[in-house]
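J.: Residue numbers (the working numbering): 62 to 464.
Can you keep this structure in mind? I'll have questions shortly.
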């Protein structure tokens with residue numbers, strides 16, 4: 062579930078004892094028995110960066126997420142200090158308190174962590190933005206935690222990438238499975254009971270027994286039967302000019318799930334007939350509009366849209382905005398999903414000591430395992446994993462997704 066990208070910085074599986082650490086080079090592993098920390102290096106207070114918009118969201122004059130975050134911090138402090146006191150290397154150190162501070166966005170989070178200012182110790186960031194940041198600033202912050210989410214019932218395997226865009230392409234096959242859920246039983250007709258709406262997601266679309274450490278974007282198409290057939294023909298013929306002229310809705314230029322991942326698919330599929338979205342948009346400005354995919358049905362001149370994979374899963378069909386609504390003789394369907402990109406990554410400022418990092422990572426894992434994480438699941442984080450090798454587990458997967 063990708064709803065977390067809209068709402069927060071911090072939050073938003075295999076559960077094993079603490080036995081790892083990520084080096085400052087972001088590629089190696091430091092065994093716990095090799096790590097030592099002095100009393101002066103021990104932080105008695107740790108601050109997490111949390112989305113300012115989420116943290117300050119109000120309803121009736123009250124901050125609606127205040128209780129959620131307070132309960133989470135209480136649970137986190139209790140579990141962390143239990144682990145600390147059970148560890149011979151840390152049991153004599155002071156117990157640690159935890160608090161949150163508001164952060165505007167992912168870019169601000171990375172910039173603040175890179176200053177190594179103890180007013181901000183940790184946050185969770187989009188993997189793509191993190192990888193690109195570290196290319197220009199190697200070793201300046203320390204990735205240590207990978208988030209996971211309940212997998213979609215139609216997409217449980219990360220190792221599926223673009224092949225040729227035909228019906229046998231694994232990414233097209235996923236799109237066809239999406240259509241069985243979204244189109245064959247029309248989304249507009251879903252009831253809260255039949256599809257298990259819990260106030261945040263349609264639970265029927267997820268398999269909580271399988272944790273996914275990746276997400277994708279997707280390309281929607283819309284129209285009556287004749288228009289859909291023409292769009293598909295342009296796709297199959299690799300006729301970029303005709304395809305683009307059906308009009309494309311997209312997200313911000315820096316969005317991976319609503320711009321960059323789809324751009325990679327278009328490059329691979331249309332090859333030398335396509336350059337970049339920005340170049341093509343400059344040449345054909347009327348064919349593009351920055352707007353949410355769930356509004357595609359309301360726009361007569363646009364028939365293609367980019368979105369997060371399965372965004373309807375966390376979009377209530379009874380919303381006043383009437384998401385994904387189309388004209389009576391038209392429908393929306395998935396054309397193809399994108400390559401997978403790693404889910405979000407937890408990052409420490411450089412000087413947080415290694416033992417404390419280890420304990421924080423294990424605390425995240427334990428809270429999820431014991432159903433005591435009152436914060437993450439509301440926004441799409443259902444589990445956590447330690448990162449043993451940032452280069453292999455995150456960077457290489459990311460690079461493969463966008464090439």
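Where is the CB? At the ideal position from N, CA and C, for every residue including glycine.
Treat the numbers as computed from the prediction; the structure is a model and nothing was measured.
Would you say the region 389-402 touches the region 279-294, given that touching needs at least three Cβ pairs under 8 Å?
T.: yes
J.: Could you tell me the distance, in whole angstroms, from the CA atom of residue 106 to the CA atom of residue 140?
T.: Residue numbering aside, residue 106 sits at position 45 when the chain shown is read from its first letter. Residue numbering aside, residue 140 sits at position 79 when the chain shown is read from its first letter. Their Cα atoms are separated by approximately 15 Å.
J.: DSSP state of residue 126, grouped into three classes?
T.: As a position in the chain shown, residue 126 is number 65, starting the count at 1. Of the three classes helix, strand and coil, the one that applies to residue 126 here is coil, per DSSP.
J.: For residue 260, which residues of its own chain have a beta-carbon under 8 Å away from its beta-carbon, when the five flanking residues on both sides are left out?
T.: In the chain shown, counting from the first residue as 1, residue 260 sits at position 199. Excluding positions up to five away in sequence, the list is empty.
J.: Let me check understanding here. Comparing Cα to Cα, which of 430, 161, 414 lies closest to residue 99?
T.: By one-based count along the chain shown, residue 99 stands at place 38. Comparing Cα positions, the closest option is 414.
J.: Is the separation between the beta-carbon of residue 444 and that of residue 209 shorter than 9 Å?
T.: For the purposes of this step, residue 444 is taken as residue 383 along the chain shown, with counting starting at 1. For the purposes of this step, residue 209 is taken as residue 148 along the chain shown, with counting starting at 1. Yes.
J.: At the level of alpha carbons, what is the spacing between residue 407 and residue 131?
T.: On the chain shown, position 346 is the one that residue 407 refers to. On the chain shown, position 70 is the one that residue 131 refers to. In this structure, the straight-line span from the alpha carbon of residue 407 to that of residue 131 is close to 20 Å.
J.: Check the C-beta distance from residue 365 over to residue 308 and give it rounded, since I have them as a contact under 8 Å.
T.: As a position in the chain shown, residue 365 is number 304, starting the count at 1. As a position in the chain shown, residue 308 is number 247, starting the count at 1. The Cβ separation is near 6 Å, so the contact holds.
J.: Nearest to residue 342 by CA position, among 368, 312, 360, 353, is which residue?
T.: Against the chain shown, residue 342 aligns to sequence position 281. The residue with the shortest Cα to Cα distance from residue 342 is 312.
J.: Apply the 10 Å Cβ neighbour rule to residue 333 and answer buried if 16 or more other Cβ atoms are within range, or exposed otherwise.
T.: Working through the chain shown from its first residue, we reach residue 333 at position 272. Residue 333 should be labelled exposed.
J.: Is DSSP giving residue 112 helix, strand or coil here?
T.: As a first step, residue 112 is located in the chain shown; it is residue number 51 there, counting from the start. Of the three classes helix, strand and coil, the one that applies to residue 112 here is strand, per DSSP.
J.: Under a Cβ-count criterion, where at least 16 other Cβ atoms within 10 Å of its own Cβ denotes burial, should residue 351 be classed as buried or exposed?
T.: For this step, residue 351 is matched to residue 290 along the chain shown. Exposed, by the Cβ-count rule.
J.: Hey, quick one: how far does the beta strand (DSSP E) through residue 310 stretch, first residue to last?
T.: Position 249 of the chain shown, counted from the start, is the residue given in the question as residue 310. Where residue 310 is concerned, the enclosing beta strand (DSSP E) stretches over 309-311.
J.: By the 10 Å Cβ neighbour count, where 16 or more other Cβ atoms means buried, how is residue 101 classified, buried or exposed?
T.: In the chain shown, the residue the question calls residue 101 occupies position 40. Residue 101 should be labelled exposed.
J.: Which residues in the same chain have their Cβ closer than 7 Å to the Cβ of residue 255, if we skip the five residues on either side of it in sequence?
T.: To locate residue 255, count along the chain shown from 1; it is residue 194. Excluding sequence neighbours, residue 255 sits near nothing in its chain.
J.: Only counting the same chain, and skipping five residues up and downstream in sequence, which positions put a Cβ closer than 7 Å to that of residue 377?
T.: One-based indexing of the chain shown puts residue 377 at position 316. Excluding sequence neighbours, residue 377 sits near 258.
J.: For the region 261-268 and the region 355-364, state whether three or more C-beta atom pairs, one from each stretch, are separated by less than 8 Å.
T.: Taking 8 Å as the limit for Cβ pairs, the verdict is that the region 355-364 does not touch the region 261-268.
J.: Is the region 225-237 close to the region 162-174, with three or more CB pairs under 8 Å?
T.: no
J.: Contact defined as beta carbons within less than 8 Å: I believe residue 110 pairs with residue 164. What is the distance between those atoms, to the nearest angstrom?
T.: Locating residue 110 in the chain shown gives position 49, counting from the first residue. Locating residue 164 in the chain shown gives position 103, counting from the first residue. Rounded, the Cβ-Cβ distance is 4 Å, consistent with contact.
J.: How long is the line joining the alpha carbons of residue 461 and residue 135, rounded to whole angstroms?
T.: Translated into the one-based positions of the chain shown, residue 461 becomes position 400. Translated into the one-based positions of the chain shown, residue 135 becomes position 74. Cα-Cα distance, rounded: 40 Å.
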